[in-house]
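Residue numbers (full-length UniProt numbering): 1 to 117.
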Ligand SMILES: [Zn+2]
Ligand SMILES: [Zn+2]
């Protein structure tokens with residue numbers, strides 16, 4: 001019975017025996033070729049292997065030609081992106097910015113001072 005537990009590529013029509021391959025492909029049940037294929041069929045669904053998540057996603061999760069899903073890429077970009085220079089740099093905008101920063105807004109400071117006295 002243990003022979004049926006051999007790791008095989010889960011892509012339909014492949015079924016390559018992975019037991020002699022690298023642990024990575026063995027664990028994720030995908031062969032080297034299909035981990036890089038733009039489109040494979042797994043469980044009857046067209047999917048692509050995500051190199052970030054190390055698993056298959058359906059195609060709408062990817063930007064065209066990408067091997068990492070959109071969610072992961074978006075996470076990367078967000079960390080790198082700076083806050084956009086607002087087209088409306090009004091007084092209100094600056095006030096909100098000072099709230100987010102470490103500076104104590106002038107209004108709050110004044111009120112605290114008043115309470116202390
Ligand atoms: Zn395969
Ligand atoms: Zn992914």
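Ideal Cβ positions, reconstructed from N, Cα and C, are used throughout, including at glycine.
Computed from a predicted structure; not experimentally measured.
Per-residue DSSP class, three states only, for residue i
i: residue 12; result: coil
i: residue 132; result: Because residue 132 is not part of the residues shown, which for the chain are 1 to 117, the question remains open.
i: residue 118; result: There is no way to answer for residue 118, as the model of the chain reaches only from 1 to 117.
i: residue 26; result: helix
Beta-carbon gap between residue i and residue j smaller than 8 Å
i: residue 72; j: residue 52; result: yes
Cutoff 7 Å; reference residue i; Cβ partners in own chain excluding five residues on either side
i: residue 2; result: Note on residue 2: pLDDT 47, under 50, position unreliable in the model; no value is reported.
i: residue 16; result: 8, 9 and 31
i: residue 14; result: 31 and 34
Sequence-distant residues of its chain with Cβ nearer than 8 Å to residue i (five each side left out)
i: residue 59; result: 39, 46, 47 and 48
i: residue 69; result: 50, 52, 53, 57, 61 and 62
i: residue 29; result: 7, 8, 9, 10 and 18
i: residue 5; result: none
i: residue 24; result: 54
i: residue 35; result: 25, 28, 49 and 51
i: residue 66; result: 73
Residues near residue i by beta carbon distance below 6 Å, same chain, minus five either side
i: residue 12; result: 41
Neighbouring residues (CB closer than 7 Å to any heavy atom of ligand 1)
9, 11, 14, 16, 30, 31, 33 and 34
Residues near ligand 2, CB to any non-hydrogen atom under 7 Å, in chain order?
50, 52, 53, 55, 57, 61, 68, 69, 71 and 72
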